Amino acid sequence: MWELARRMAERLRRTSRVRVYGHIDSDGITGAAIASEALARAGVEHDVTFLKRLDEAALAVVKDENPQLAWFVDFGAGVYDKMDGLDAVITDHHVPSEREIPREHRKDLVSFARAEDRVLMLNPHLLGEGSDAASGAGTTYLVAKAMDLRNTDLAAIAIVGAVADMQEREWRRVTGFNRQILQDGVEARVLDAKTDLRLFGRETRPIHKMLQYASDPWIPRLSGNGEACIAFLLELGLEPKQEGRWIAWNELPWSQKRLVASELVRHMLDRGVGWKEVERLVGETYTLLREESGSPLRDAKEFGTLINACGRYDRADVGYRVCRGDRDEALAESLALLRGHRETIVRSLDFIDEIGIQQLTAIQYFHAQDRIRDTVVGIAASMALQGPGANLALPIVAFALADDGVKVSCRGTRELLAQGLDLAAIMQQASRAVGGEGGGHKVAAGATIPPGTEQEFLAIVDRMVGEQLGRASGFSTADGLTFM
Ligand code: C5P
Ligand code: ZN
Numbered sequence: 020m021w022e023l024a025r026r027m028a029e030r031l032r033r034t035s036r037v038r039v040y041g042h043i044d045s046d047g048i049t050g051a052a053i054a055s056e057a058l059a060r061a062g063v064e065h066d067v068t069f070l071k072r073l074d075e076a077a078l079a080v081v082k083d084e085n086p087q088l089a090w091f092v093d094f095g096a097g098v099y100d101k102m103d104g105l106d107a108v109i110t111d112h113h114v115p116s117e118r119e120i121p122r123e124h125r126k127d128l129v130s131f132a133r134a135e136d137r138v139l140m141l142n143p144h145l146l147g148e149g150s151d152a153a154s155g156a157g158t159t160y161l162v163a164k165a166m167d168l169r170n171t172d173l174a175a176i177a178i179v180g181a182v183a184d185m186q187e188r189e190w191r192r193v194t195g196f197n198r199q200i201l202q203d204g205v206e207a208r209v210l211d212a213k214t215d216l217r218l219f220g221r222e223t224r225p226i227h228k229m230l231q232y233a234s235d236p237w238i239p240r241l242s243g244n245g246e247a248c249i250a251f252l253l254e255l256g257l258e259p260k261q262e263g264r265w266i267a268w269n270e271l272p273w274s275q276k277r278l279v280a281s282e283l284v285r286h287m288l289d290r291g292v293g294w295k296e297v298e299r300l301v302g303e304t305y306t307l308l309r310e311e312s313g314s315p316l317r318d319a320k321e322f323g324t325l326i327n328a329c330g331r332y333d334r335a336d337v338g339y340r341v342c343r344g345d346r347d348e349a350l351a352e353s354l355a356l357l358r359g360h361r362e363t364i365v366r367s368l369d370f371i372d373e374i375g376i377q378q379l380t381a382i383q384y385f386h387a388q389d390r391i392r393d394t395v396v397g398i399a400a401s402m403a404l405q406g407p408g409a410n411l412a413l414p415i416v417a418f419a420l421a422d423d424g425v426k427v428s429c430r431g432t433r434e435l436l437a438q439g440l441d442l443a444a445i446m447q448q449a450s451r452a453v454g455g456e457g458g459g460h461k462v463a464a465g466a467t468i469p470p471g472t473e474q475e476f477l478a479i480v481d482r483m484v485g486e487q488l489g490r491a492s493g494f495s496t497a498d499g500l501t502f503m
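Residue 503 is where the sequence shown ends in the working numbering, and the numbering goes up by one at each step.
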């Protein structure tokens with residue numbers, strides 16, 4: 020990886036003008052910021068463009084632009100075999116286009132890249148690793164480091180990209196190549212990693228709000244109930260409000276954090292929550308040491324959410340400027356986008372309540388038409404699944420109209436995952452059957468399908484989910500403990 024990164028760095032440095040193309044999500048935005056910062060420090064002129072996706076049509080536009088050298092960040096792997104005619108470097112972590120090449124032979128792609136030389140790709144799949152071993156920002160970081168060893172301060176933004184891409188979710192800490200990046204960041208004194216509560220808002224939310232909005236894990240009686248959260252804190256002898264101001268979790272001394280954490284564990288166990296779920300309360304958390312206390316940029320998860328909000332509302336440029344260091348105008352704009360995003364979510368959930376969620380045999384669904392943005396419908400689906408109008412025992416499928424077809428978002432739960440659910444495979448196959456395309460992760464996947472094929476698509480998904488869960492019914496039903 021390092022040797023390849025050095026060759027890419029060499030190439031970038033030799034080019035007089037580079038065009039950076041970044042994926043318009045938090046990983047792509049953080050990655051493009053890292054690329055741009057490294058190029059700027061090396062004195063290489065460059066432009067940055069954000070794209071929703073890099074499919075063949077988008078690639079044709081890039082080819083028309085005919086850049087001296089293109090740098091694709093957080094995408095490119097999917098069209099790796101269609102880059103002929105371009106000079107490009109790709110820093111990505113998605114599955115390379117040669118899907119039929121078995122995992123153990125993907126290494127051959129490295130030699131292909133070498134022989135070809137015009138297109139160089141850095142991607143954990145080339146080493147037989149999965150998409151979670153590094154993010155788009157992480158592979159970009161490696162090239163930035165190869166351009167100049169002093170660029171290790173950019174590890175902080177690379178970890179934001181990884182966390183925003185949910186790479187710490189499964190193991191409750193980043194793994195694979197991300198650990199090397201983390202170590203670089205710690206050594207460069209820009210990052211700190213600590214075991215702490217994994218809940219969102221440690222830096223900026225009042226503690227009771229942080230508890231109230233807990234969804235991973237869900238805390239019985241506290242999640243969704245702010246007053247119960249305040250009572251819980253008061254009973255422990257804490258003062259959540261000091262001098263007229265609600266304090267944030269990170270303002271608590273360590274001893275009080277420990278008290279709250281252990282009481283939360285007891286509270287959940289007492290209410291019959293399985294240990295596997297309880298465990299999810301705590302994990303590795305990442306602090307950006309150069310950011311101010313109380314700033315949403317100090318916590319990697321909050322930083323990532325802010326950048327995400329920019330991408331979702333077509334303002335990747337704003338998130339990009341925050342990542343490049345703008346703490347005035349761009350930061351204020353990103354905060355406004357995040358506030359707007361939260362309001363949008365509330366309105367979306369109200370709308371789903373209004374139209375209701377329809378239940379089929381093995382799945383449930385709703386069709387938001389043009390009332391929920393295609394970039395938000397996935398979150399709306401996740402949240403609706405937790406809500407009172409849904410059945411947590413069934414995966415949820417959500418539709419929304421997009422400019423290139425009907426956007427599908429599908430979400431399951433960890434329990435369903437343990438029972439054998441694989442939504443990525445289902446979204447891929449079912450969408451293909453109706454002339455669309457899709458994929459993703461086992462518990463969270465998506466697709467785009469042609470308008471009018473929704474019912475046919477639903478029937479296929481319903482059948483496939485039934486088969487998957489039926490097939491796995493010989494295993495235990497997940498009550499948490501079984502899977503320790
Ligand atoms: O868009 P949504 O949040 O529902 O996407 C969930 C997952 O599905 C993401 O990882 C995304 O990359 C994947 N997906 C996909 N193909 C699509 C849409 C989403 O692979 N057409
Ligand atoms: Zn990514």
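C-beta: ideal position from N, C-alpha, C; glycine also.
Just so it is clear, the structure is predicted and the values come from calculations on it, not from any experiment.
Whose C-alpha, out of Leu436, Ala412, Gln438 and Ile445, is nearest the C-alpha of isoleucine 427? Here residue 427 corresponds to residue number 408 of the sequence shown, with the count starting at 1. The sequence shown places valine at residue 427, rather than the isoleucine named in the question. Nearest to valine 427 by alpha-carbon distance, out of Leu436, Ala412, Gln438 and Ile445, is Ile445.
Whole-angstrom C-beta distance between glutamine 87 and proline 35, which should lie under 8 Å: For the purposes of this step, residue 35 is taken as the residue at position 16 of the sequence shown. For the purposes of this step, residue 87 is taken as the residue at position 68 of the sequence shown. Per the sequence shown, residue 35 should be read as serine rather than proline. With 8 Å as the limit, serine 35 and glutamine 87 qualify as a contact, their Cβ atoms being about 7 Å apart.
At least three beta-carbon pairs within less than 8 Å, the stretch 224-240 to the stretch 330-339: no
Output the distance between the C-alpha atoms of leucine 252 and aspartate 423, rounded to the nearest integer angstrom. Translated into positions along the sequence shown, residue 252 becomes position 233. Translated into positions along the sequence shown, residue 423 becomes position 404. The alpha-carbon atoms of leucine 252 and aspartate 423 are separated by roughly 48 Å.
Can histidine 112 be considered in contact with the ligand ZN, in the sense that its beta carbon sits closer than 7 Å to one or more heavy atoms? Residue 112 sits at position 93 when you count from the first residue of the sequence shown. At least one heavy atom of the ligand ZN is nearer than 7 Å to the Cβ of histidine 112, so yes.
Please classify leucine 218 as buried or exposed, where buried requires at least 16 other C-beta atoms within 10 Å of its C-beta. The residue labelled residue 218 in the question sits at position 199 within the sequence shown. Burial call: buried.
Quick check on the contact list: which residues have their beta carbon closer than 5 Å to a heavy atom of the ligand C5P? Every residue passing the under-5 Å Cβ criterion appears here: Gly397, Ser428, Gly457, Gly458, Gly459, Ala463, Ala464, Gly465, Ala466 and Thr467.
At the level of alpha carbons, what is the spacing between serine 274 and asparagine 85? As a position in the sequence shown, residue 274 is number 255, starting the count at 1. As a position in the sequence shown, residue 85 is number 66, starting the count at 1. Computed Cα separation, rounded: 59 Å.
Given this structure, state the Cα-to-Cα distance separating alanine 212 from glutamine 378, to the nearest angstrom. Here residue 212 refers to the residue found at position 193 when the sequence shown is read from its first residue. Here residue 378 refers to the residue found at position 359 when the sequence shown is read from its first residue. One C-alpha to the other measures close to 43 Å.
Out of Gln447, Ala421, Leu420 and Ala412, which one is the CA nearest neighbour of leucine 436? As a first step, residue 436 is located in the sequence shown; it is residue number 417 there, counting from the start. It is Ala412.
Please work out which residues of its chain come closer than 8 Å, Cβ to Cβ, to glycine 465, disregarding the five sequence neighbours upstream and downstream, and give them in chain order. As a working note, residue 465 is residue 446 in the sequence shown. Excluding sequence neighbours, glycine 465 sits near Gly397, Lys426, Val427, Ser428, Cys429, Met446, Gly457, Gly458 and Gly459.
Do glycine 255 and glutamate 298 have their CB atoms nearer than 8 Å? Position 236 of the sequence shown, counting from 1, holds the residue named residue 255. Position 279 of the sequence shown, counting from 1, holds the residue named residue 298. A small fix is needed here, since residue 255 is leucine in this sequence, not glycine. Not a contact, by the Cβ cut-off of 8 Å.
Check whether the stretch 68-84 and the stretch 355-368 touch, using three or more Cβ-Cβ pairs below 8 Å as the test. no
In three-state DSSP terms, what is alanine 387? For this step, residue 387 is matched to residue 368 along the sequence shown. Three-state result, alanine 387: coil.
Pop quiz: tryptophan 90 and valine 37 are said to be a contact at Cβ under 8 Å. What is the actual Cβ separation, rounded to whole angstroms? Working through the sequence shown from its first residue, we reach residue 90 at position 71. Working through the sequence shown from its first residue, we reach residue 37 at position 18. Right, the Cβ-Cβ distance comes to about 6 Å (below 8 Å), so this counts as a contact.
So, aspartate 441 versus lysine 461, is the Cβ gap smaller than 8 Å? Counting from 1 along the sequence shown, the entry for residue 441 is found at position 422. Counting from 1 along the sequence shown, the entry for residue 461 is found at position 442. Yes.
Given 7 Å as the limit, tell me if glycine 5 has its C-beta closer than that to any heavy atom belonging to the ligand ZN. Given a span of 20 to 503 for the chain in the structure shown, any question on residue 5 remains unanswerable.
Report the CB separation of lysine 82 from leucine 105 in whole angstroms; it is logged as a contact under 8 Å. Along the sequence shown, one-based indexing puts residue 82 at 63. Along the sequence shown, one-based indexing puts residue 105 at 86. Indeed, because the Cβ distance is near 6 Å, the residues count as touching under 8 Å.
Proximity test, aspartate 184 beta-carbon vs the ligand ZN heavy atom, cut-off 7 Å: One-based indexing of the sequence shown puts residue 184 at position 165. Answer for aspartate 184: yes, Cβ within range of the ligand ZN.
Count the CB pairs spanning the stretch 298-311 and the stretch 200-212 that are closer than 8 Å, and state whether there are at least three. yes
For the ligand ZN, is there any heavy atom lying closer than 7 Å to the beta carbon of aspartate 151? As a first step, residue 151 must be located in the sequence shown, where it is residue number 132. False, no ligand heavy atom lies under 7 Å from that Cβ.
Taking only runs that begin and end inside the stretch 184-228, name each unbroken beta strand (DSSP E) of 3 or more residues, in chain order. 210-216
Expected contact under 8 Å - CB spacing of valine 182 and glycine 323 to nearest Å: As a working mapping, residue 182 is identified with position 163 in the sequence shown. As a working mapping, residue 323 is identified with position 304 in the sequence shown. Confirmed, about 5 Å.
Mind reading off the beta-carbon distance from glutamine 438 to leucine 488? Whole number of angstroms is fine, and I expect it under 8 Å. Residue mapping note: residue 438 aligns to position 419 of the sequence shown, counting from 1. Residue mapping note: residue 488 aligns to position 469 of the sequence shown, counting from 1. Confirmed, about 5 Å.
Beta-carbon contacts of isoleucine 176 that lie in its chain and below 7 Å, excluding the five residues immediately before and after: As a first step, residue 176 is located in the sequence shown; it is residue number 157 there, counting from the start. So the list reads Thr49, Ala52, Ile53, Ala156 and Cys342, once near-sequence residues are dropped.
Closer than 7 Å: aspartate 333 CB and nearest the ligand ZN heavy atom: Position 314 of the sequence shown, counted from the start, is the residue given in the question as residue 333. Incorrect: aspartate 333 has no Cβ contact closer than 7 Å to the ligand ZN.
For a quick check, are the C-beta atoms of arginine 188 and threonine 304 less than 8 Å apart? Taking the sequence shown and counting its residues from 1, one reaches residue 188 at position 169. Taking the sequence shown and counting its residues from 1, one reaches residue 304 at position 285. Their beta carbons are not under 8 Å apart, which means arginine 188 does not touch threonine 304 by this criterion.
Among Asp289, Glu64 and Gly313, which has the Cα closest to the Cα of isoleucine 266? What you label residue 266 is simply residue 247 of the sequence shown in a count that begins at 1. Comparing Cα positions, the closest option is Gly313.
Is aspartate 93 near the ligand ZN, in the sense that its beta carbon is under 7 Å from a heavy atom of that ligand? Within the sequence shown, numbered from 1, the residue matching residue 93 stands at position 74. Within the chosen limit of 7 Å, the ligand ZN reaches the beta carbon of aspartate 93 through at least one heavy atom.
DSSP beta-bridge partners of tyrosine 505: The structure shown does not extend to residue 505, since the chain spans only 20 to 503, so no value can be given for it.
Look at the alpha carbon of glutamate 321 and the alpha carbon of asparagine 327, and state the distance between them as a whole number of angstroms. Position 302 of the sequence shown holds residue 321. Position 308 of the sequence shown holds residue 327. So the two alpha carbons sit approximately 10 Å from each other.
By Cβ distance, which residues of its chain are closer than 6 Å to phenylalanine 494, with the 5 residues on each side in sequence left out? The sequence position of residue 494 within the sequence shown is 475, counting from 1. Confidence at phenylalanine 494 is low in this model, with a pLDDT of 39, below 50, so the placement of that residue should be treated as unreliable; the coordinate-derived value is given next. Once the five neighbours on either side are set aside, phenylalanine 494 has no close Cβ partner at all.
Quick one: measure Cβ to Cβ for alanine 61 and arginine 32, integer angstroms, because I've assumed they're closer than 8 Å. The residue given as residue 61 occupies position 42 in the sequence shown. The residue given as residue 32 occupies position 13 in the sequence shown. So it is a contact: roughly 6 Å between Cβ atoms.
Delimiting residues of the alpha helix (DSSP H) encompassing tyrosine 160: Position 141 of the sequence shown, counted from the start, is the residue given in the question as residue 160. Per DSSP, tyrosine 160 belongs to the alpha helix (DSSP H) from 155-166.
By the three-class DSSP mapping on this structure, what secondary structure does glycine 180 have? The count along the sequence shown starts at 1 and reaches residue 180 at position 161. In this structure, glycine 180 counts as helix in the three-state DSSP scheme.
Reduced DSSP secondary structure (H/G/I, E/B, other) of methionine 140: On the sequence shown, residue 140 is found 121 positions in, with the first residue counted as 1. DSSP places methionine 140 in strand when its eight states are reduced to three.
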